[in-house]
Amino acid sequence: MHQKMNFIGRVSHFFAVRRPLSLLLLIGVALFGLLAFFLMSKQYNPEIIRPAFSLTLNYQGATSEEAINRVVYELVEKVDSVPGVDEILTRVTDGTTIVTTVIFDVGYDKTKAKVDLLSYINEHSFLAKGAIGVPTIFEINPETVPVMQVVFRSLNLSIEDLRQAVLNLSHEISAVPNVSEVSVTGGYTPALVVEVDQTRLSQNKISVQDITKVLASSQERLVSLGLVGEKYTLETTFDGRANNLEEVSSLDIKNGIKIRDVAKVFIGTAGQRSYVLEQNNNGGTDEVVMMSVAKVEGSSAPIVTTEVKAVIDDYVNNEMSGQLIPTIVSDDGVTAASEITGLTTNLIQSIVIVALVLLLFLSARSAFVVLVSIPTTLLIVFGVGYLFDQTINRITLFALILSLGLLVDSAIVVVENIYSHLKAAAIEPSGMSRERVIAGAVDEIGVGLLLSTVTSVVVFIPMLYITGMMGPYMGPIAFFVPTALIVSLFVSIIFVPYVATLVINSHEKTSYLARKINNLMDRILTIYRQVMSKVFSSRKKQKNILLGALALFIVTLILPATGLVHFQMLPHADRDQFYVFIDAPVDTSIESTKEISQKISDVLLDSSQVVSAQQFVGTPPIVDFSTMFKGAQNRRQGYEATLRVNLVSTKERRESSTEIVYNLREKIISAYPEYESIVRLMEEPPGPPVQATVVSKVVSEDSVVREQISTALLALYRNSAGVVDRHISSDVAVGRISYVFDSVAADNLGVSRQSVMEILSLTSGSVEVGEYQSSKNVEYTPILLSVSPALRSNPEQILGYPVLTKTGESVPLRSVLKINHEIRPTNISLEDNLQMTYVTAELENRSVIYVTIELMRQIISEGIAGYTVTDWNLFGMQLINSDGVQAQINFGGEWEMTLENFRDLGMAMLVALILVYGVLVAQYNTFSTPGYVLLTVPLGLVGIIWGFLVLDKVFGIYLTATALIGFIALIGIAVNNAIILLEYTDQMRRKGFSLAESLFEAGAARLRPIMLTSLTTVLGSLTIASDPVWSGLAWSIVFGLSLATILTLVIYPTVLVYFSKEK
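This note's numbering applies: residue 4 is where the sequence shown begins, and numbers increase by one.
Listed below in structure tokens is the structure:
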């Protein structure tokens, strides 16, 4: 009578005997998975949802302190009550502009965040009272950053016409499916400029206000219901617009005096002239226009960018007849496709490596069955990912490469047991059908298979709860690895038995090489038996082995503290571009900033590794994923410039982008040492972006205190090895001129404040008085009232401007104004409601961990700027001076991200161990046995730490967060190896064998599957060992699993015997 099978055995038998159904199901899921692979969105990085909004308010005439007291404190207090708000960052400038950035929690619903914030703004009318302007809101979203950037130049078009042509093209590109936003940068926004002659105004007794009224009314157009008859209505319109320059010049001001009599009228620049320039290694620097294209969230970047390029080609070659010369400087579609292709190749290579290993250890037919399970599992995983709206990105493919060694585990165990049962049935026929024998083989190991899968899955579940942007960044690992493990279990239960009925033959002959491998394994097994026999026979040897293992583990834990093994959040990635931030003194003119930018660009283009550099002077660069979090979207001042530097492709150079940046930084400082304090070279981070690598936040309500401590911090960083590009967020104090209105003199002369303010507004730039409406305009064109730039460069010259009195006479401004020379107040930054100054820096060949620890030790022991430390933790410290003045230093940037993510990964490991222990207790109904199983986990850590000690000393490779992810994976693998031994040992014990004999038999029976699964995992992981970011994961598996496998076969049986009650 046959033994009754459990549910797993019955499922296997069902599909083994129903071959047509199994074949149909196999083909169906494979085709669905293949279709899902092509339909899934493909992009470079995982989607990170972190809603953020920038609120800009103008509080005209207020000082920074007045704006903070009147607006910022209340604004922050109210906004902080909006659900989901995580951070509130504010920057206040004297004058006053308030820019508040509201950042929501990672993963918070974008639509809800926008609705809640807008509702709050509408509910609180204090934001638009008095001199406080209505806030403008700009959404900052990592998913709206461009997937393509294109530079346009022309040999025969002016910069104005070039911008118009690109704007026309942008409208066509907006119609491309899944394009969400198209932006144009460069050239200048045209304006109808009315440049007044103040002398002529005075002579004709015309005020600025007179001209303003005339210009504002010159663009009026009215559409009304019109004439209404008994049986009809006839619409009527009034068109009073001045449609061209001649008509504007001919506008009558009063008494027959025309605009042309007191002013020049022309099409010019709207506001301060900014520049977008490009210099390449083929020639000089040209002014260019750039276009950026963003895609709809969830759409595929390669598809979108391919369609956009087709539209550009058609427009350039047909509509513009070749007058435009486009150059694509950034294409995430190509990058994503290249990365996905490369990693898919790595995945295929891993599969081939696994196949070769299987052929060496198993017969050809058995290896074929296991190999069928690999693509089947992966295709089903893609299908599941498609159903759950996952995307295919580089982290997805890393996750699948990581899971490859794990997912073949189930198939190998099943195939080995099927082969053993078929072989036994051939020797001693039992009368059961072939399908029944195969189902019985699956039934025998089904529970153990389910248990090992559950333990492997629960190991990765805690990674779903990693906080911050690293959570969604690592999210594909937490989704795809458990999915692959669960799917591989079902494949092993359903499809492997079906394929085995068709393929596996118990009489199959093994190859010569396979026989050699089997002989080697037999010799290894003999040695293993001899060693373990001596260990089992001597309690002293058992004790020494366990004490030695404990000592090795303790030494391993000490190694990182000695500095022999170094830690780093993530290693530098090798990118094709980096950025240069130039922050000149705030009194630097835009033309001078342009000169500095050009000098830096010249140095950069001297390098054969640099292809081109785009310069953004006085205007923000096209913001990408990394620069968005560095505040690049706010870099619009005349003293600010940003360079995007494009390097030779990684495939065509030997040096990494990090090495190139190091060399270029030295060249810039060598050529222009005076620019060292104003130039920063910013690399794209390999993971979630931060404000800067090194960030120290000096918190105090007193600006003098902040300046003292931040200056001292800057000096400490200057003396710290490897710290470069040091920067303080507060501006260097510069002078300014204050025009003070003399009300007594003004009353005596009959001069009004309004007339004086109107003239001063013109001398400081221009005043917008309306919109110039024309059918030819493709973007907003303002009407600007201005004076000649030459007349506003000298303060004394400005005081000579005539102003009209009430009687129509003119007097110079100096009659009613006094000049005061004062220090311009610096900008103030706030986080929540805390005023702070940021001290930032970048690093060369050093981890932020050791720089920050060194700095903390020095401040704690010696103090800083007359302040001593009263309290501290890893995130910051409290300070006080002899007068009782308190301050605070908080550490952000990569240090904060490192602490938070190492903390989260550590908690994930702890929770994983607890979950695994709980699963094992539930299965074995005892506390001791699961404890013995978990003793194998530290063995993996030993291998990782010692492996990275070698890598650190030989190759300078640090232990990173990805290495810790590898250790989390090792928890599942090491536990599964122990479970394989334990399951077989329990079977032998139930047959009456002693513990030592059971362990011998378990070692003999399970040595091959343990070695095989470990070897496939190790060799499969080697394909990503060359990746600069994920090599840590590969090496942790290579070293950790190699040592853990060997020690598990020795330590685990020794523990069982030593603590056994058997004598």
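Where a beta carbon is used, it is the ideal one built from N, C-alpha and C, also for glycine.
Buried versus exposed call for Ser541 [16 or more other C-beta atoms within 10 Å across all chains shown]: So Ser541 ends up on the exposed side.
For Thr504, the first and last residue of its enclosing alpha helix (DSSP H): Per DSSP, Thr504 belongs to the alpha helix (DSSP H) from 473-506.
Span of the beta strand (DSSP E), counted from its first residue to its last, around Pro815: Counting along the chain, the beta strand (DSSP E) containing Pro815 begins and ends at 813-815.
Residue interval of the alpha helix (DSSP H) (run including Val1058): Taken as a continuous stretch (DSSP letters only), the alpha helix (DSSP H) holding Val1058 covers 1034-1061.
CB-CB length for Leu684 against Val664, believed under 8 Å: That belief holds up - the Cβ atoms of Leu684 and Val664 are roughly 5 Å apart, short of 8 Å.
Pair within 9 Å by beta-carbon distance, Leu2 and Gln326: The requested residue 2 does not occur in the structure, where the chain is confined to residues 4 to 1066.
Neighbourhood of Ser732 by C-beta distance below 7 Å, restricted to the same chain and skipping five residues each side: Around Ser732, the same chain offers Ser832, Thr840, Tyr841 as residues with beta carbons nearer than 7 Å, after the five sequence neighbours per side are excluded.
Buried versus exposed call for Ala695 [16 or more other C-beta atoms within 10 Å across all chains shown]: Classification for Ala695: buried.
Residue(s) in a DSSP beta bridge with Trp898: According to DSSP, Trp898 bridges with nothing at all.
Gln212, buried or exposed, once every other Cβ within 10 Å from all chains shown has been counted against 16: Counting of Cβ neighbours within 10 angstroms places Gln212 among the exposed residues, the total staying below 16.
Same chain only: Cβ atoms within 8 Å of Val14, ignoring 5 sequence neighbours per side: Only residues of its own chain outside the window of five on either side were considered, and among them Ile496, Ile497 have a CB closer than 8 Å to the CB of Val14, listed in chain order.
Span of the alpha helix (DSSP H) around Phe581: Phe581 -> not in any alpha helix (DSSP H); beta strand (DSSP E) instead, spanning 580-586.
Own chain residues within Cβ distance below 8 Å of Phe56, not counting five before or after: Once the five neighbours on either side are set aside, the close Cβ partners of Phe56 are Thr104, Val105, Ala116, Lys117, Leu120, Ile140, Phe141, Glu142, Ile143.
Cβ-based burial, Gly753 [other Cβ within 10 Å; buried from 16]: That one is exposed.
Outcome for Pro676 when other beta-carbon atoms lying within 10 angstroms are tallied against a minimum of 16: The residue in question, Pro676, is exposed, as its Cβ has fewer than 16 Cβ neighbours within 10 Å.
Cβ neighbours of Asp3 in the same chain (closer than 6 Å, five flanking residues each side left out): Because residue 3 is not part of the residues shown, which for the chain are 4 to 1066, the question remains open.
Same chain, Cβ closer than 8 Å to Val360, neighbours up to 5 away in sequence not counted: If we look at Val360 and ignore the five residues flanking it on each side, its Cβ neighbours are Leu1015, Leu1018, Thr1019, Leu1022.
Contact check, Val924 vs Ile974, beta carbons under 9 Å: Not in contact: Val924 and Ile974 (Cβ atoms no closer than 9 Å).
Chain-order list of residues whose beta-carbon lies under 7 Å from that of Met4 (same chain, five-residue window excluded): Residue confidence for Met4 is low, a pLDDT of 44 falling below 50, so the modelled location carries little weight and cannot support an answer.
C-beta atoms of Ile822 and Val701 nearer than 9 Å: No.
Euclidean distance between Cα positions of Thr470 and Asn904: Their Cα atoms are separated by approximately 7 Å.
Residues near Gln881 in its chain [Cβ-Cβ closer than 6 Å; skip 5 each side]: Counting only Cβ-Cβ distances below 6 Å, and skipping sequence neighbours, we find Thr873, Asp874, Gln891.
Range covered by the beta strand (DSSP E) that runs through Lys267: Boundaries of the beta strand (DSSP E) harbouring Lys267: 266-272, taken from the DSSP string.
Expected contact under 8 Å - CB spacing of Pro798 and Asp97 to nearest Å: The pair is not a contact, with the Cβ atoms about 19 Å apart (cut-off 8 Å).
Coil, strand or helix - Met4 by DSSP: Because the pLDDT of Met4 is 44, which lies under 50, any placement of that residue in the model is unreliable, and the number read from its coordinates should be weighed accordingly. Correct three-state label for Met4: coil.
Beta-carbon gap between Val182 and Val307 smaller than 9 Å: Remark: C-beta atoms of Val182 and Val307 approach each other more closely than 9 Å.
Backbone secondary structure at Val440 - three-state DSSP: Residue state, collapsed to three classes: helix.
Distance between Trp949 and Asp561 (C-alpha atoms, nearest Å): Here residue 561 turns out to be Ile, not Asp, going by the sequence shown. If I take the Cα positions, the gap works out to 11 Å.
Among Thr100, Thr93, Val154, Lys81, the one whose alpha carbon lies nearest that of Ser122: Considering only alpha carbons, the answer is Lys81.
CA-to-CA distance, Arg709 to Val95, given in whole angstroms: The alpha-carbon atoms of Val95 and Arg709 are separated by roughly 16 Å.
Exposure label - Pro624; buried when at least 16 CB within 10 Å: Buried is the call here.
Where the alpha helix (DSSP H) containing Thr810 begins and where it ends: For Thr810, there is no enclosing alpha helix (DSSP H), as DSSP gives it neither H nor E.
Nearest neighbour of Val217, chosen from Val185, Thr236, Lys261 [CA to CA]: For the residues Val185, Thr236, Lys261, the minimum Cα distance to Val217 belongs to Lys261.
Rounded C-alpha distance that separates Arg639 from Asp590: Approximately 14 Å between the Cα atoms of the pair.
Contacts around Ile1054, its chain only, beta-carbon distance under 8 Å, and the 5 residues preceding and following it disregarded: Cβ within range, chain order: Ile548, Leu549, Ala552, Leu938, Thr939, Leu942.
Span of the alpha helix (DSSP H), counted from its first residue to its last, around Val759: Element bounds for Val759: 756-766.
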